Amino acid sequence: METQGFVQSVDRALSLLERLAQAPEGLRLSDLARDSGLAVSTAHRLLTTLERRGFAQFDAAQAHWHVGRKAFTVGIAYTRWQSLIATAMPFLRRLRNMTRETANLGVLEDGEVVTLAQVESREIIRAISPPGGRSPVMTSGLGKAIVATWPDAEIEALVARHGLPRMTRHSLQEIDAVRREMQAIRAAGYAFDNEEFTPGLRCVAATVWSPGGEAVAAISISGLAARISAEDMPRIGTTIRALAAEMTTAMGGVPPAAP
């Protein structure tokens, strides 16, 4: 049943998962059904669906249900992003104060950039892509900063899989243009979105590295093209690159050695 965006089957499945999380030794189907106020047949159907997706598992020897590995993976991801956001916030505030523009933290997810955190500009007219907002990788300074750290073959595979969406007339549309921009980003140490996602807005970004030496995220500033001129971008890029390096150190991150 679905009413005004509420899906009863999803709600029931999550209730079962929450109950399993409270029982390290596992629970029998009959106990789960009773605790959740469900018919045994309904509880079993929901649990087998969760099991198929890895969120629940059945111990046939004891006839007990347990939380599955996928639930653990999702929980760890949440913890990782929360830790990343907590580390990033002081650097985003500094970046906003230094540039007077909106500062952002973003990560890659399934061919898109997701904004995890943001500190808004104090300017009356400002660029805002609220946390949770998404954009195609190659239209985003954040996305291009991260992807430029990849081998060329992986970048081309990403483009082949997700394409090059045309968000504005400035969006990259040819793989040769992507290759040239990746080379420029690697040389400069920062990336930019030159009105490629939204007309009239520019973004400058740099990579943050994990302890494992991977480009785990990027930080950026975004603002009106009237305030961030093409001539300003190298100076801003140098500032962001330095702050991204500080944030990397604060996280115990390790940038790759120069070739």
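Going by UniProt numbering, the sequence shown opens with residue 1, and the numbers climb by one from there.
Quick reminder that beta carbons are idealized off the backbone N, C-alpha and C, glycines included.
For clarity, every value in this text was computed on a predicted model and none was experimentally measured.
Best match in Pro130, Gln173, Thr73 and Ala117 for proximity to Val137 [C-alpha to C-alpha]: Of the candidates Pro130, Gln173, Thr73 and Ala117, the one whose C-alpha sits nearest the C-alpha of Val137 is Gln173.
Which listed residue (Val7, Ser229, Ala153 and Pro211) has its alpha carbon closest to that of Ile175: Comparing Cα-Cα distances from Ile175 to each of Val7, Ser229, Ala153 and Pro211, the minimum goes to Ala153.
Length of the line joining the Cα atoms of Gln118 and Met167: Cα-Cα distance, rounded: 22 Å.
Proximity of Ala205 and Ser220 at Cβ, strictly below 8 Å: At the C-beta level, Ala205 and Ser220 come within 8 Å of one another.
Start-to-end residues for the beta strand (DSSP E) that takes in Asp193: Run containing Asp193: Ala191 to Asn194, per the beta strand (DSSP E) assignment.
Spatial neighbours of Val114 in its chain, beta-carbon cut-off 8 Å, leaving aside the 5 residues before and after: So the list reads Gly106, Val107, Leu108, Gly132, Gly133 and Arg134, once near-sequence residues are dropped.
Rounded separation between His170 and Ala218 - CA only: Taking C-alpha positions only, His170 is separated from Ala218 by approximately 22 Å.
Residues sharing a beta bridge with Val74, DSSP: For Val74, no pairing in a beta bridge is given by DSSP.
Terminal residues of the beta strand (DSSP E) in which Thr115 lies: Where Thr115 is concerned, the enclosing beta strand (DSSP E) stretches over Glu112 to Val119.
Contacting residues, own chain, Cβ-Cβ under 8 Å from Leu17 (five flanking each side not counted): Same-chain partners within the cutoff: Leu50, Phe55, Ala56, Val67 and Ala71.
As assigned by DSSP and simplified to three states, the class of Leu27: Here DSSP, grouped into helix, strand and coil, assigns Leu27 to strand.
Rounded separation between Arg180 and Arg100 - CA only: Distance between the alpha carbons of Arg180 and Arg100 is about 30 Å.
Closest by C-alpha distance to Glu196, when choosing among Arg34, Leu142, Pro256 and Gln62: Answer by Cα proximity: Leu142.
Complete runs of the alpha helix (DSSP H) confined to the UniProt domain "HTH iclR-type" (7-69) [at least 4 residues]: If we require 4 residues or more, the alpha helix (DSSP H) runs fully inside the UniProt domain "HTH iclR-type" (7-69) come out as 8-21, 29-36 and 40-52.
Boundaries of the beta strand (DSSP E) in which Pro136 is found, first to last residue: Pro136 -> beta strand (DSSP E) spans Arg134 to Pro136.
Inter-residue spacing [alpha-carbon to alpha-carbon] between Gly213 and Glu246: Rounded to the nearest angstrom, the gap between the Cα atoms of Gly213 and Glu246 is 15 Å.
Whole-Å CB distance - Ile146 paired with Thr207, under 8 Å assumed: Sure, about 6 Å apart at Cβ, within 8 Å.
Alpha-carbon to alpha-carbon, Asn104 and Ala230: Near 20 Å, if we compare the C-alpha coordinates of Asn104 and Ala230.
Test item: CB-CB of Ala188 and Gly237 under 8 Å: Yes, the Cβ-Cβ distance between Ala188 and Gly237 is below 8 Å.
Rounded C-alpha distance that separates Ile185 from Ala148: Those two C-alpha atoms are separated by around 7 Å.
Among Pro24, Val10 and Ala225, nearest to Thr198 - alpha-carbon criterion: If we check each option's Cα against that of Thr198, Ala225 comes out closest.
As assigned by DSSP and simplified to three states, the class of Glu2: A caution first: Glu2 carries a pLDDT of 46, below 50, which makes its placement in the model too unreliable to give a value.
Contacts around Ile240, its chain only, beta-carbon distance under 7 Å, and the 5 residues preceding and following it disregarded: A distance below 7 Å between beta-carbons, with the five flanking residues on each side excluded, links Ile240 to the following residues of its chain, in chain order: Leu95, Tyr190, Val204, Ala205, Ala206, Ile219, Ser220 and Ile221.
Beta strand (DSSP E) segment containing Thr248, residue limits: From DSSP, Thr248 is part of no beta strand (DSSP E) but of the alpha helix (DSSP H) over Met233 to Ala250.
For Thr99, the three-state DSSP class (helix, strand or coil): Thr99: helix per DSSP, three-state reduction.
Exposure label - Asp193; buried when at least 16 CB within 10 Å: Buried, because 16 or more other Cβ atoms sit within 10 Å of the Cβ of Asp193.
Leu20 versus Trp65 - alpha carbon distance: Leu20 and Trp65: Cα-Cα distance of roughly 7 Å.
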